[in-house]
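Report on the following structure.
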């Protein structure tokens, strides 16, 4: 095996998850100990794409033996195992790896895996153990995702010391039933409720597909969905026609449509993250614009969007007003544009490096952040208890700082990580 290069950092993709970085020396020791599998993919700077592990390390990957289970044998006397110093010496390099590597949580588009952001390693606990976060990196990894956890988990804020949980909820205004009421006449939710029992609503319950189609096509998002997902689009037309014929009210129809749109977005999240840098920038910019627009209305409106997403009463009320809806709906439109682009011309993006977080930290300092803001923002529990105006400012600063970075490569790596829950939560 050739000598190790201390400047090289390796990443490993396995079962839909990506791990790293490892130094060149650590990677070669990892291979020597037999932990790299023939089915793994590896990447380092200089590689145009992910490569199969055997192609990079062809002679050093032994087949992994099946675990052996011994039958239970009752013993007549207590037995105390003796410590094997030779085994401890063999395990020492692996233990050092435990303290160095961390999960990168970002599988890029060229990796041929299914459901890369939600896959469970199953019985691969030993592999997870090989990649526990290193203490110097831990604070910044926690810092980087604190705002995302606030945005997607609201009051239920928590973060394990060693494992970063995957966000389970998206701040996506397309899930808001009020955002879809305009598809059926452009009225606010309150107006729709007042007319729900009127004779006019009863007479139009059997609205035809042509009229439903015309209502759908008033929205730019639905025009895009029809072109890119025609079968799915036709299913939604049929569902709306059926619900209308059954006398369903507008809120129920809007909710069903919202659920369908959200499911479609989640199914295609990996395509959104494979869009061009410009398109990912547009998603982040739309998210920041939403926060800024809501802050102009009130601190509570902005905080409601961060902590409760589309279910916030303030957001629901504003979505019933066309001038606000036009601004707030730019985010879901940007996400689906990214999905379309990622499906047609996927691009590979890399996870952020430690130095990237140092650059965004400097950008935050230039915006007036002190150690007090840094500590608050990196503590999800404390951030969840902070006043609304403080939370709104910090979250806006976090995204604005990333968007202000002059190094496009650094910015892209940071946005790629920050946008994962926005498009796939």
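Residue numbers (the working numbering): 10 to 434.
Just so it is clear, CB atoms sit at the ideal spot from N, CA and C, and this is done for glycine as well.
Note that the structure is predicted; figures quoted are calculated from it, not measured.
Query raised in the report: Measuring CB to CB, does residue 414 end up less than 8 angstroms from residue 368?
Result: Against a cut-off of 8 angstroms, the Cβ pair of residue 368 and residue 414 comes out as a contact.
Requested in this report: To the nearest angstrom, report how far apart residue 204 and residue 418 are at their CA atoms.
Outcome: Legend: pLDDT at residue 204 = 42, less than 50; position of this residue unreliable, value from coordinates given subsequently. Cα-Cα distance, rounded: 53 angstroms.
Requested in this report: Just list the alpha helix (DSSP H) runs in the segment 37–65, keeping only unbroken ones of 4 residues or longer that don't cross its boundaries, in chain order.
Outcome: 62–65
Query - Straight-line Cα distance separating residue 302 from residue 185 - result: With a pLDDT of only 37 at residue 185, under the threshold of 50, the placement of this residue in the model should not be trusted; the figure read from the coordinates follows. In a straight line, the C-alpha of residue 185 is about 17 angstroms away from that of residue 302.
Report task. For the alpha helix (DSSP H) containing residue 352, list its first residue and its last residue. Result -> 339–353
Query raised in the report: Using the beta-carbon count (16 or more within 10 Å), is residue 495 buried or exposed?
Result: Lying outside 10 to 434, the shown extent of the chain, residue 495 is not represented and no answer is given.
Query raised in the report: Going by beta carbon distance, what residues of the same chain come within less than 8 angstroms of residue 96, once the five residues before and after it are set aside?
Result: Low local confidence applies: a pLDDT of 49 at residue 96 is under 50, so the model's placement there is unreliable, and no value is given.
Query - Proximity below 8 angstroms, CB of residue 295 to CB of residue 339 - result: yes
Query raised in the report: CB-CB under 6 angstroms to residue 291, same chain, minus the five flanking residues each way: which ones, in chain order?
Result: 343
Query raised in the report: Within 10 angstroms of its Cβ, does residue 330 collect 16 or more other Cβ (buried), or is it exposed?
Result: exposed
Requested in this report: Could you tell me if residue 379 is buried or exposed, where buried requires 16 or more neighbouring beta carbons within 10 angstroms of its beta carbon?
Outcome: exposed
Requested in this report: May I ask you to verify whether the segment 382–389 touches the segment 239–250, counting CB pairs closer than 8 angstroms and requiring at least 3?
Outcome: no
Query raised in the report: What number of angstroms, rounded off, separates the C-alpha of residue 306 from the C-alpha of residue 251?
Result: 38 angstroms
Query raised in the report: DSSP beta-bridge partners for residue 27?
Result: 22
Query raised in the report: Just how far apart, CA to CA, sit residue 363 and residue 54?
Result: 15 angstroms
Query raised in the report: When you compare each of 360, 394 and 412 to residue 19 by their alpha carbons, which one comes out closest?
Result: 360
Report task. May I ask you to report which of helix, strand or coil DSSP gives residue 32? Result -> DSSP, read as helix, strand or coil, puts residue 32 in strand.
**Report entry** For residue 373, the first and last residue of its enclosing alpha helix (DSSP H)
**Finding:** 363–375
Query raised in the report: Counting Cβ pairs, one atom from each stretch, are 3 or more of them under 8 angstroms apart for the segment 272–279 and the segment 395–408?
Result: no
Query - Span separating the alpha-carbon of residue 280 from that of residue 425 - result: 12 angstroms
Query raised in the report: If we cut at 8 angstroms on Cβ distances, does residue 414 have a partner in chain C?
Result: In the structure shown, chain C cannot be found, because there is only a single protein chain.
Query raised in the report: With respect to the alpha helix (DSSP H) encompassing residue 386, which residues constitute its N-terminal and C-terminal limits?
Result: 380–386
Query raised in the report: Just to confirm, are residue 283 and residue 355 a CB contact at a threshold of 8 angstroms?
Result: In this structure, residue 355 lies closer than 8 angstroms to residue 283 by Cβ.
Report task. Could you check what DSSP says for residue 298 in three-state terms: helix, strand or coil? Result -> helix
Query raised in the report: Buried or exposed: residue 357, going by 16 or more other Cβ atoms within 10 Å of its Cβ?
Result: exposed
Requested in this report: Pick helix, strand or coil for residue 416, following the three-state DSSP scheme.
Outcome: coil
Requested in this report: In angstroms with no decimal places, state the Cα-to-Cα distance between residue 315 and residue 28.
Outcome: 29 angstroms
Requested in this report: Report all residues from its chain with a CB closer than 7 angstroms to the CB of residue 288; omit the five preceding and five following residues, and keep chain order.
Outcome: Cβ within range, chain order: 346, 347 and 350.
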